[in-house]
Amino acid sequence: MLEVPATLFLLLSGVLFVVGAIGVITRRNGIVVFMCIELMLNAANLAFVSSTRLTQGLEGMVFVFFVMAVAAAEAAVGLAIFVMIFRLKGTINVDEINLLKG
Amino acid sequence: MAAILFKWFVFLVASIFSVFSSVMMVTRRNPVHSALWLVCTFISIAVLYFLLNATFVAATQVMVYAGAIMMLFLFVIMLIHLEREVEPLRRISVAKLIAIVLTLLLFVEIIVGLSLAKISEVRPSVPIQGDARSIGTLLYGKYLFPFEIASILLLIGIVGAIVLAKRRKE
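Protein chains in written order, with the numbering used here: chain A, 1 to 102; chain B, 1001 to 1170.
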């Protein structure tokens, strides 16, 4: 019996990505949409880490580090924006946030 | 042999649990429940990182994602009283159905791409180790400049969050 192949890890990351994408387009709560985006980022991270099995280099793990830094900055700014929107409109339902619609 | 069997067992348990908890995260109507299921997903993904010998990434996953980012999410959910605002149960509209079908097509595309790609896995005698020492050597050596840019990005994130959340004086 062989070790767990990297293809299975890539398949799992695909499944998680699709679950996150379905969440992004079906949920209407802004913060839950945001959490689904975090899940999609995590699926991409899993694909990066499993790619180190194929390339025999540590670059994939370094990229994961940068993705995490971007995700942390994005979460901080995005949640601040949601707090602002909640103060302005009293809701964070993404269907009702249409100020930018002409 | 026993070690490989154990790895398969851990992989199956962690992957099934991560898929299950992510589906629960998407389907729960209370955002606090969604956040807690997302923490479960993050922790099972950290277990998968351990399985891939990425110990540093696994530790960072638990600290940054399951710790810091989810704390931020829960904090904001509590701050704006979102736990009271439970989404009303609505029937699935045609637009949602089309969107779900398109996303499932994306999944089929991923599977086709994976099966068409000629993935040749090299199996060295000593498996690659992603511990803190080797990642740190790479981060502070070859990738020093991107590392510094990432720190500037985080600084901009901090300043931006404070400026946005500050109450305007009028």
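The beta carbon of each residue, even a glycine, is placed where N, CA and C say it ideally should be. Note that the structure is a prediction, hence the values are computed from the model and not measured.
- Fewer than three beta-carbon pairs drawn from the region 62-71 of chain A and the region 5-12 of chain A are found closer than 8 Å, and the two stretches are therefore not classed as touching.
- Against chain B, the CB of A/Glu96 has no partner CB under 8 Å away; the residue lies outside that interface.
- Neighbours of B/Ile1135 in chain A, taken as residues whose beta carbon is under 8 Å from its own, are Leu58, Met61, Val62 and Phe65 in chain order.
- The beta carbon of A/Ile31 falls within 8 Å of a beta carbon belonging to chain B, placing the residue at that interface.
- When beta bridges are read from the DSSP output, A/Asn93 appears opposite A/Asn29.
- Boundaries of the alpha helix (DSSP H) harbouring B/Met1078: Met1070 to Leu1079, taken from the DSSP string.
- A/Val18 is positioned such that its CB atom lies no closer than 8 Å to that of A/Arg27.
- Between the alpha carbons of A/Thr55 and B/Ile1016 lies a gap of roughly 26 Å.
- For B/Gly1113, the enclosing alpha helix (DSSP H) begins and ends at Val1094 to Leu1116.
- Counting only the Cα atoms, A/Ile31 lies some 12 Å from B/Leu1038.
- One thing to note: B/Leu1106 has its Cβ no nearer than 8 Å to the Cβ of A/Ala47.
- Two segments are said to touch when three or more pairs of C-beta atoms, one from each, lie closer than 8 Å; by this definition the region 87-100 of chain A does not touch the region 1009-1027 of chain B.
- Burial state of B/Tyr1049 is buried, judged by a 10 Å Cβ sphere holding 16 or more other Cβ atoms.
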